[in-house]
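Heads up: the sequence shown begins at 0 in numbering that gives the first Met the number 0, then just goes up one per residue. Take a look at the structure below.
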Amino acid sequence: MLTHFSAVLLAALFISIVFGITQRAQPRMMIRFGAFCFVMFVGITIAASWLMWAIKH
0 MLTHFSAVLL
10 AALFISIVFG
20 ITQRAQPRMM
30 IRFGAFCFVM
40 FVGITIAASW
50 LMWAIKH
């Protein structure tokens, strides 16, 4: 059973892998860009979650 957060982490991981492979040519840059995308996806998700929580309360 996945929680919402673990589902977001899993989706961010797979999306970041695809973005890294398709958007960069060298393997080192693929890894760096994929890691950057992963951090941004998770960070934006956490920020949006806090924003929605603040709006509700």
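Just so you know, even glycine gets a beta-carbon here, dropped at the ideal spot from N, CA and C.
Spatially closest choice to residue i from the options, by CA coordinates
i: Met-29; options: Val-38, Phe-40, Met-39 and Val-17; result: Val-17
i: Phe-35; options: Leu-50, Ser-48, Leu-12 and Met-51; result: Leu-12
Coarse secondary structure for residue i, derived from DSSP in three states
i: Leu-8; result: helix
i: Met-28; result: helix
i: Thr-44; result: helix
i: His-3; result: helix
Residue i and residue j closer than 8 Å at C-beta
i: Gly-33; j: Ser-15; result: yes
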